[in-house]
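**Q** Dropping the structure in here first, questions after.
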């Protein structure tokens, strides 16, 4: 039985109670108490950049992490005594996907396309280009044209499209092909020399599905939407990984929302950690 844990968790609507559902009263304090255990290494896995992660930790009184996978998987930080140190080994790994091309090189390549508006500097980094795109744009055509231009320059990239419903604007991230939550967690697992049964991931949304339905022991918190739960089950069945997917439950003493669901899932996979 494992005596240590690499706990990797999404932030928004997973441990941050910024969804519509009710958070158990002691959920975050219970999580902080749990993560104070010396055998627990805590990793936040998020689309937020460094400042937004730090703001969330302070605003929501979250446990301080040991590592942060941020910016949609393009950055890994080690955090010690409030000092954030970029993990250069990860930078070198994902840099290979762009075959020597820089952020500026990709800007120049994609400048041939109409309809792309570069986002603020705080939302860019060495391996992440982020654009605003009008929702009136033919996005399928735009993505195909962008992919064609990048491939012609031997750039292996992931094009991540999403919509900011509050601002009514499209968002396009251009990342190295392997700069994903799943690849970053797997990299950190091997970098820190954890076995697969010593790793647990928790998430709630569509961008967590590649991890939730992988071989990594994963927890889908109870406040996730019914559609995400359905997709997770279908994909896990297709991937033959149902044994590695746990759906947090509403129990008699506490619901499985947010951090309470995370801890419930940890106890499911590693019974030694059930009593916090």
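Numbering (this note's numbering), first residue to last: 900 to 1175. Backbone N, C-alpha and C fix where the C-beta goes; we use that ideal spot for every residue, glycine too.
1) Just confirm the distance between the C-beta atoms of residue 1164 and residue 1121, as a whole number of angstroms; I'd bet it's less than 8 Å.
2) Starting from residue 1033, trace the alpha helix (DSSP H) in both directions and tell me its first and last residue.
3) Closer than 6 Å by C-beta to residue 1138: which residues in its own chain qualify, once you throw out the five before and the five after it? Chain order, please.
4) For residue 995, tell me which candidate among 1140, 903, 1076 and 1126 has the shortest Cα-Cα distance.
5) Counting Cβ pairs closer than 8 Å, one from the region 930–940 and one from the region 1138–1147, do we hit at least three?
6) Tell me the residue span of the alpha helix (DSSP H) that contains residue 988.
7) For residue 1119 and residue 1162, which I take to be in contact (beta-carbon distance under 8 Å), what is that distance rounded to the nearest angstrom?
8) Start and end of the alpha helix (DSSP H) containing residue 1164?
9) Do you know offhand how far residue 1158's Cα is from residue 912's?
10) Using CA coordinates, which residue listed in 1083, 1148 and 1117 is at the minimum distance from residue 1135?
11) As a quick exercise: from 1043, 1083, 915 and 1046, pick the residue whose alpha carbon is nearest that of residue 969.
12) Does the region 1042–1056 touch the region 1099–1108, meaning 3 or more C-beta pairs lie closer than 8 Å?
13) How many whole angstroms separate the CB atoms of residue 1022 and residue 973, which I take to be in contact at a CB cut-off of 8 Å?
14) Can you give me the Cβ contacts of residue 1069 inside the same chain, cut-off strictly under 6 Å, excluding the 5 residues immediately before and after it?
15) From 962, 955, 903 and 925, pick the residue whose C-alpha is nearest to that of residue 917; which is it?
16) Within 8 Å, do at least three Cβ pairs link the region 1040–1051 to the region 974–983?
17) Note down the Cα distance separating residue 1124 from residue 1143, rounded to an integer number of angstroms.
18) Tell me the rounded alpha-carbon separation between residue 957 and residue 1092.
19) Assign residue 1073 to one of three DSSP states: helix, strand, or coil.
**A** The answer reads as follows:
1) The residue labelled residue 1164 in the question sits at position 265 within the chain shown. The residue labelled residue 1121 in the question sits at position 222 within the chain shown. Contact doesn't hold; Cβ gap of about 10 Å is too wide.
2) Here residue 1033 is taken as the residue at index 134 of the chain shown, counted from 1. No alpha helix (DSSP H) holds residue 1033; DSSP gives it neither H nor E.
3) To locate residue 1138, count along the chain shown from 1; it is residue 239. Around residue 1138: 1112.
4) If you number the chain shown from 1, residue 995 lands on position 96. Per the Cα distances, 1076.
5) no
6) As a position in the chain shown, residue 988 is number 89, starting the count at 1. Where residue 988 is concerned, the enclosing alpha helix (DSSP H) stretches over 987–994.
7) Sequence index remark: in the chain shown, residue 1119 carries index 220 (1-based). Sequence index remark: in the chain shown, residue 1162 carries index 263 (1-based). No, residue 1119 and residue 1162 are not in contact; Cβ-Cβ is about 14 Å, not under 8 Å.
8) The residue given as residue 1164 occupies position 265 in the chain shown. 1157–1168 is the extent of the alpha helix (DSSP H) around residue 1164.
9) For this step, residue 1158 is matched to residue 259 along the chain shown. For this step, residue 912 is matched to residue 13 along the chain shown. The straight-line gap from Cα to Cα measures roughly 9 Å.
10) On the chain shown, position 236 is the one that residue 1135 refers to. Comparing Cα positions, the closest option is 1117.
11) Indexing the chain shown from 1 puts residue 969 at position 70. The candidate whose alpha carbon is nearest that of residue 969 is 1083.
12) no
13) Residue 1022 sits at position 123 when you count from the first residue of the chain shown. Residue 973 sits at position 74 when you count from the first residue of the chain shown. Actually they do not touch by this definition, with Cβ atoms about 11 Å apart.
14) As a first step, residue 1069 must be located in the chain shown, where it is residue number 170. Excluding positions up to five away in sequence, the list reads 1032, 1034 and 1062.
15) Position 18 of the chain shown, counted from the start, is the residue given in the question as residue 917. Looking at the Cα atoms, 955 is the closest of the given residues.
16) no
17) Here residue 1124 is taken as the residue at index 225 of the chain shown, counted from 1. Here residue 1143 is taken as the residue at index 244 of the chain shown, counted from 1. Going from the Cα of residue 1124 to the Cα of residue 1143 covers about 19 Å.
18) Indexing the chain shown from 1 puts residue 957 at position 58. Indexing the chain shown from 1 puts residue 1092 at position 193. Roughly 30 Å between the two C-alpha positions.
19) Along the chain shown, one-based indexing puts residue 1073 at 174. Three-state result, residue 1073: strand.
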